[in-house]
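J.: One structure, pasted below without further comment.
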Amino acid sequence: MTLIDWLLRDAPLATRREITPKLGFLLTVLLAIVWLIPFLWMGVATLRPASDGINTMAELMPSLKPTLDNIRDAWEIGDFPRYTLNTTIICTGILLVQFVTITLAGFAFARLEFAGKTLIFYLFLMQLMLVPVLLIVPNLSLVAQLGLYDTLTGVMMPFFASAFGTFLMRQAFEAIPTELEDAALIDGASLLQRIRHIYVPLSMPSFSAFAIISVTSHWNDFLWPLMVINSPDKRPLTVGLSVFTATAEGTQAWGTIAAGTLMVIAPLLITFLIFQKRFISSFVTSGIK
Amino acid sequence: MGLAEPAALPVATSAAPRLHVLKRFLGRFKASLPAYLLLLPSLVFLALFTYGAMGRVLIDALYQRATPKAPVRFVGLDNIAAVLADPAFTGAVVNNLVYAIGTAIPSIGLALLFALALSRTNAVSSALRAALFLPVLIPMVAASALFLFIFLPNVGLLDYYIGRLLPVVPNWLGDPDIALTAIMVITIWKNAGYYMLFFLAGLQAVPEDVMEAAHLDGAGPFMRLRYIILPELKPTFLFVIVIATLNAVTQVDHVFVMTKGGPSNSTNLVLFYIYQQAVEHYDIGKASAATLLTLAALMGLTALSFRTMANREGGA
Chain A
953 MTLIDWLLRD APLATRREIT PKLGFLLTVL LAIVWLIPFL WMGVATLRPA
1003 SDGINTMAEL MPSLKPTLDN IRDAWEIGDF PRYTLNTTII CTGILLVQFV
1053 TITLAGFAFA RLEFAGKTLI FYLFLMQLML VPVLLIVPNL SLVAQLGLYD
1103 TLTGVMMPFF ASAFGTFLMR QAFEAIPTEL EDAALIDGAS LLQRIRHIYV
1153 PLSMPSFSAF AIISVTSHWN DFLWPLMVIN SPDKRPLTVG LSVFTATAEG
1203 TQAWGTIAAG TLMVIAPLLI TFLIFQKRFI SSFVTSGIK
Chain B
79 MGLAEPAALP VATSAAPRLH VLKRFLGRFK ASLPAYLLLL PSLVFLALFT
129 YGAMGRVLID ALYQRATPKA PVRFVGLDNI AAVLADPAFT GAVVNNLVYA
179 IGTAIPSIGL ALLFALALSR TNAVSSALRA ALFLPVLIPM VAASALFLFI
229 FLPNVGLLDY YIGRLLPVVP NWLGDPDIAL TAIMVITIWK NAGYYMLFFL
279 AGLQAVPEDV MEAAHLDGAG PFMRLRYIIL PELKPTFLFV IVIATLNAVT
329 QVDHVFVMTK GGPSNSTNLV LFYIYQQAVE HYDIGKASAA TLLTLAALMG
379 LTALSFRTMA NREGGA
């Protein structure tokens, strides 16, 4: 019970002897362990040699003869380097264009007065409601008409404008004191110069929060790229993993599936473990993407 | 332009009132022009992929091809009627309702439990929060790949450890009566940690001194939860319910990877039905009609989330 006492050291003195909160905490600890089991299995199965046979595949105790064969197999059969490259291109492309569109639009909403501001604000808000994934059918025919079927640009395009990002930047820009801008105005700085040299550098935390949300959500996109991409060499990681899983499932190569899954999620997990606090606070702001 | 305006105004009013209105309009437009230019890049993409897409759904839902190669012709509401008469669609709607309720309630309940247990910040609770949050980060496809093995009959993780305790080992993904529940388990595992974050944020608004006072008045943990914490968390609940419902409509990647809607359509969800109509049956008319119905159903939710977001001052 000393650990529990330590955990409750800043709880109100009188409530420390209550049993229910302790039971709740215990239950949460147990569930957190359950929550980690799929990841644990993934790690153990990745290192398990195929010679252990299918019947011990579910064993959560690591094999005594760990091997990297599964990782090598997944790397070679799965074409994961290519998929990783495609996903990186997609996420970077979307993010770069978004940075431009949300900075400009966010500034307009934060600092400029114009006719129809409320109406346009609601037009932006609509995008938060009409979740893009629901509009896959009309957007696919548009992408095809634009000649972008089976291209990475086609995968990226529907996400170039972001209402969420625009509102995030509007909030960030509104918090910047106007005196700074006035000083630059006297020095003769143009609108774009003021955005570039005053507003953008002072809003880096918001940009990084947005980057985290944007990259994780598009790293994980599946249905839309599945519809747009036809050529195997243009698949992003998620589509590649689903094809790879379907193939390997047939041969019961669960070690390779675990290794493939590990490769797909490792970049996200590592980045998360390094920037944990940033991730958590960004996701809290993300409410609706 | 600011200097030219006052000089021009008296002339305009004496000449023709209409011209005056036009000039004022032009003046306002000119003053607004920089803002419009800044908004233009975003508006172009929103017009193409959000508003334009809405319009195309409306139009496409009214047209149909007699054969896959025939030209489209106007069919009015036939597509909508066909979708509503399609047992696969109505089945998907029922599944989706079961799925929405069956994932929202457990994941929100768990999220609340996690948040209450981990609301104090220390090294242990941070580590536990991170563990519970991990599934949120990973692609649904990756989660599905892992759960494919977990649910694998006989040798899978679940059967290996728990199956031996059961009299009959169920075929988790192969049995039409169980498959949807199996799909829901993945969603709960993946989303509970996400909703936990909002409850953690909401709990910070609960005043510590009120809690202490309630305790001194003899309120136990459950009474404090019922009369102090839950009322305080009401906006968070509304917000999380909206997100959970949206997720129930938009997250179907695991259906694609694990069951393809089967066995016998028992795990088919609305968005997967739309995908099937468009990609597997090349039936854009029916796919658009189903999209339209889904969007219409979400309109009610939209109104609700507008209100929720207004409560949270711009959606946080």
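Residue numbers (this note's numbering), protein chains in the order written: chain A, 953 to 1241; chain B, 79 to 394.
Yeah, the Cβ is synthetic: ideal placement off N, Cα and C, and Gly gets one too.
Counting only beta-carbon separations shorter than 8 Å, does valine 335 of chain B have a partner in chain A?
T.: Yes, contact with chain A.
J.: Using a Cβ-Cβ cut-off of less than 7 Å, list which residues of the region 134-160 of chain B approach chain A; keep chain order.
T.: Cβ contacts with chain A: Arg134, Val135 and Asp138.
J.: Less than 8 Å between CB atoms is the rule here; does methionine 994 of chain A satisfy it with respect to chain B?
T.: Taking Cβ atoms only, chain B reaches closer than 8 Å to methionine 994 of chain A, which makes this a yes.
J.: What residue ranges within the region 224-298 of chain B form continuous alpha helix (DSSP H) runs of no fewer than 4 residues, ordered along the chain?
T.: Whole alpha helix (DSSP H) segments, 4+ residues: 235-239, 257-281 and 286-294.
J.: Closer than 8 Å between beta carbons: that is the criterion. Which residues of the region 1074-1099 of chain A meet it against chain B?
T.: Answer in chain order: Leu1075, Phe1076, Leu1077, Met1078, Gln1079, Leu1080, Met1081, Leu1082, Val1083, Pro1084, Val1085, Leu1086, Leu1087, Ile1088, Val1089, Pro1090, Asn1091, Leu1092, Ser1093 and Leu1094.
J.: So, helix, strand or coil for tyrosine 141 of chain B, using DSSP?
T.: It is a strand residue.
J.: Which residues bound the alpha helix (DSSP H) around arginine 198 of chain B?
T.: Premise fails: arginine 198 of chain B is in no alpha helix (DSSP H) and is neither H nor E.
J.: Using 8 Å as the threshold, is the C-beta distance between leucine 379 of chain B and threonine 328 of chain B below it?
T.: The answer is no: Cβ separation not under 8 Å.
J.: Any beta carbon from chain A within less than 8 Å of arginine 304 of chain B's own beta carbon?
T.: False, the Cβ-Cβ gap to chain A never drops below 8 Å.
J.: Check whether the Cβ atoms of aspartate 1042 of chain A and tryptophan 1176 of chain A sit closer than 8 Å, and answer yes or no.
T.: Here residue 1042 of chain A is isoleucine; the residue named in the question, aspartate, does not match the sequence. Contact flag unset, no.
J.: Starting from arginine 151 of chain B and walking both ways along the alpha helix (DSSP H), at which residues does that stretch end?
T.: Not the alpha helix (DSSP H): arginine 151 of chain B falls in the beta strand (DSSP E), residues 150-152.
J.: Select from the region 1182-1198 of chain A all residues with a C-beta closer than 9 Å to any C-beta belonging to chain B, and list them in chain order.
T.: Residues Leu1189, Thr1190, Val1191, Leu1193, Ser1194, Phe1196, Thr1197 and Ala1198.
J.: Mind checking the region 1141-1153 of chain A against chain B and listing, in chain order, the residues whose C-beta falls within less than 7 Å of any C-beta there?
T.: Cβ contacts with chain B: Leu1143.
J.: From glycine 241 of chain B to glycine 1207 of chain A, what distance separates their C-alpha atoms?
T.: Approximately 21 Å between the Cα atoms of the pair.
J.: Closer than 7 Å by C-beta to glutamate 1126 of chain A: which residues in its own chain qualify, once you throw out the five before and the five after it? Chain order, please.
T.: Closer than 7 Å at Cβ, skipping near neighbours: Ala1062.
J.: Using 8 Å as the limit for Cβ to Cβ distance, is glycine 130 of chain B near chain A?
T.: True, the Cβ-Cβ gap to chain A drops below 8 Å.
J.: Out of curiosity, what's the CA-to-CA distance linking asparagine 200 of chain B and isoleucine 1165 of chain A?
T.: Near 25 Å, if we compare the C-alpha coordinates of isoleucine 1165 of chain A and asparagine 200 of chain B.
J.: Under a Cβ-count criterion, where at least 16 other Cβ atoms within 10 Å of its own Cβ denotes burial, should glutamine 354 of chain B be classed as buried or exposed?
T.: By the 10 Å Cβ count, glutamine 354 of chain B comes out buried.
J.: Could you work out which residues of chain A lie near valine 357 of chain B, taking near to mean beta carbons separated by less than 8 Å?
T.: Chain A residues near valine 357 of chain B: Met1179.
J.: By alpha-carbon positions, which one of A:Ala1200, A:Phe1227, A:Ala1163 and A:Thr1223 ends up nearest to leucine 1047 of chain A?
T.: Checking every option, the nearest Cα to that of leucine 1047 of chain A belongs to A:Ala1163.
J.: CA-CA distance, leucine 1056 of chain A and asparagine 1091 of chain A?
T.: About 25 Å.
J.: Chain B beta carbons: is any one of them nearer than 8 Å to that of proline 1018 of chain A?
T.: Cβ-Cβ to chain B under 8 Å: no for proline 1018 of chain A.
J.: Can you tell me the Cα-Cα spacing of phenylalanine 229 of chain B and arginine 1000 of chain A, whole angstroms?
T.: Approximately 19 Å, taken between the alpha carbons.
J.: So, isoleucine 1232 of chain A versus leucine 275 of chain B, is the Cβ gap smaller than 8 Å?
T.: A contact, by the Cβ cut-off of 8 Å.
J.: Measure the beta-carbon distance from leucine 206 of chain B to alanine 984 of chain A and round it to whole angstroms, keeping in mind my assumption that it falls under 8 Å.
T.: Yes, they are in contact, since the Cβ atoms of leucine 206 of chain B and alanine 984 of chain A sit about 5 Å apart, within 8 Å.
J.: Can you pull the chain B residues whose beta carbon is under 9 Å from the beta carbon of methionine 1013 of chain A, in chain order?
T.: Residues of chain B passing the Cβ test: none, with the nearest at roughly 12 Å.
J.: Relative to the C-alpha of phenylalanine 1032 of chain A, which candidate in A:Phe1227, A:Glu970, A:Ser1238 and A:Asp1185 has its C-alpha closest?
T.: The option with the nearest alpha carbon to phenylalanine 1032 of chain A is A:Asp1185.
J.: Name the chain B residues whose beta carbon is nearer than 7 Å to that of alanine 1060 of chain A?
T.: Within chain B, the residues near alanine 1060 of chain A are Ala113, Leu116 and Leu117.
J.: Mind checking whether glycine 252 of chain B and proline 341 of chain B have CB atoms under 8 Å apart?
T.: Their beta carbons are under 8 Å apart, which means glycine 252 of chain B touches proline 341 of chain B by this criterion.
J.: In chain order, which alpha helix (DSSP H) runs of at least 4 residues are fully inside the region 307-354 of chain B?
T.: Those alpha helix (DSSP H) runs which fall completely within the region 307-354 of chain B and span 4+ residues are 312-328 and 348-353.
J.: Along chain A, in chain order, which residues have C-beta atoms closer than 7 Å to that of proline 341 of chain B?
T.: Residues of chain A passing the Cβ test: none, with the nearest at roughly 16 Å.
J.: Classify methionine 45 of chain B: buried if its beta carbon has 16 or more other beta carbons within 10 angstroms, exposed otherwise.
T.: Chain B is shown only over 79 to 394; residue 45 of chain B falls outside these bounds and no answer can be derived.
J.: Less than 8 Å between C-beta atoms, sequence neighbours within five positions excluded: which residues of the same chain meet that for leucine 1221 of chain A?
T.: Contacts found: none.
J.: If you compare alpha carbons, which of A:Ala1002, A:Arg1024 and A:Asn1038 is closest to methionine 1271 of chain A?
T.: With chain A covering only 953 through 1241, there is no way to say anything about residue 1271 of chain A.
J.: Residue range of the alpha helix (DSSP H) that phenylalanine 1059 of chain A falls in?
T.: Where phenylalanine 1059 of chain A is concerned, the enclosing alpha helix (DSSP H) stretches over 1032-1063.
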